[in-house]
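Student: In the numbering used here, the protein residues as written are 25 to 179. Even glycine gets a Cβ: it sits at the ideal position worked out from N, Cα and C.
#1: Between the Cα of residue 153 and the Cα atoms of 72, 91 and 167, which residue gives the shortest distance?
#2: Does the separation of the CB atoms of residue 107 and residue 72 fall below 8 Å?
#3: For residue 132, tell me which candidate among 163, 150 and 84 has the shortest Cα-Cα distance.
#4: Would you report the Cα separation of residue 87 and residue 93, rounded to the nearest angstrom?
#5: Can you name the residues that DSSP bridges to residue 109?
#6: Using C-beta distances below 6 Å, list every residue in its chain close to residue 129, excluding the 5 sequence neighbours before and after it, in chain order.
#7: By the DSSP assignment, the beta strand (DSSP E) with residue 87 in it spans what residues?
#8: Helix, strand or coil: how does DSSP classify residue 139 here?
#9: Figure out for me which residue from 112, 113, 111 and 96 has the closest Cα to the Cα of residue 105.
#10: Measuring alpha carbon to alpha carbon, tell me which of 170, 145 and 151 ends up nearest residue 79.
#11: Would you mind giving the Cβ-Cβ distance between residue 161 and residue 127, rounded to the nearest angstrom? I have them listed as a contact below 8 Å.
#12: Using the three-state DSSP reduction, which class does residue 161 fall into: helix, strand or coil?
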């Protein structure tokens, strides 16, 4: 009887330790699990620097769209560079302003391959952009970029 008890106990402990190990290792590790590192931010070479933002305002082509005002200037770089501004008059809370910036930079990151290169683009968002859902915001951003002539094949 004691041999049977110890056999059952050892089987239980073996099962429990494997289960516990599974629970502990049930976290996502891209290196261990063989996944590639996911890029979540707009790469640095596609971002405007502060000093360049001033230059974009001077002598740039400006137009207004659903999402906001676009400032476009031809640059000497091979990549188009982007900057996004959300005035305090649009949203008093910083998290709302940051959300707009993040959505815009995410849209640009996703569509980098279809955006014409060689431009500096700065967008100042309107108050209406805050009320759009993510899907609607992306659709309006695409319309704005088409209007600006910045998407390849859609001039």
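Tutor: Once the coordinates are examined:
#1: Here the question's residue 153 lines up with position 129 in the chain shown. For the residues 72, 91 and 167, the minimum Cα distance to residue 153 belongs to 91.
#2: Translated into the one-based positions of the chain shown, residue 107 becomes position 83. Translated into the one-based positions of the chain shown, residue 72 becomes position 48. Contact flag set, yes.
#3: Counting from one through the chain shown, the residue named residue 132 turns up at place 108. Ranking 163, 150 and 84 by Cα distance to residue 132 puts 163 first.
#4: Taking the chain shown and counting its residues from 1, one reaches residue 87 at position 63. Taking the chain shown and counting its residues from 1, one reaches residue 93 at position 69. Each residue's Cα considered, the two are about 6 Å apart.
#5: Taking the chain shown and counting its residues from 1, one reaches residue 109 at position 85. Answer is 148.
#6: In the chain shown, the residue the question calls residue 129 occupies position 105. Once the five neighbours on either side are set aside, the close Cβ partners of residue 129 are 66.
#7: In the chain shown, the residue the question calls residue 87 occupies position 63. Element bounds for residue 87: 85-88.
#8: On the chain shown, position 115 is the one that residue 139 refers to. Reduced to three states, the DSSP call for residue 139 is strand.
#9: Within the chain shown, the letter at position 81 stands for residue 105. Checked all of 112, 113, 111 and 96; the closest Cα to residue 105 is 96.
#10: The sequence position of residue 79 within the chain shown is 55, counting from 1. When each option's Cα is compared against that of residue 79, the closest is 145.
#11: In the chain shown, residue 161 corresponds to position 137, counting from 1. In the chain shown, residue 127 corresponds to position 103, counting from 1. Yes, they are in contact, since the Cβ atoms of residue 161 and residue 127 sit about 6 Å apart, within 8 Å.
#12: The residue you call residue 161 lines up with position 137 of the chain shown. In the structure shown, residue 161 sits in a helix (DSSP, three-state: H, G or I).
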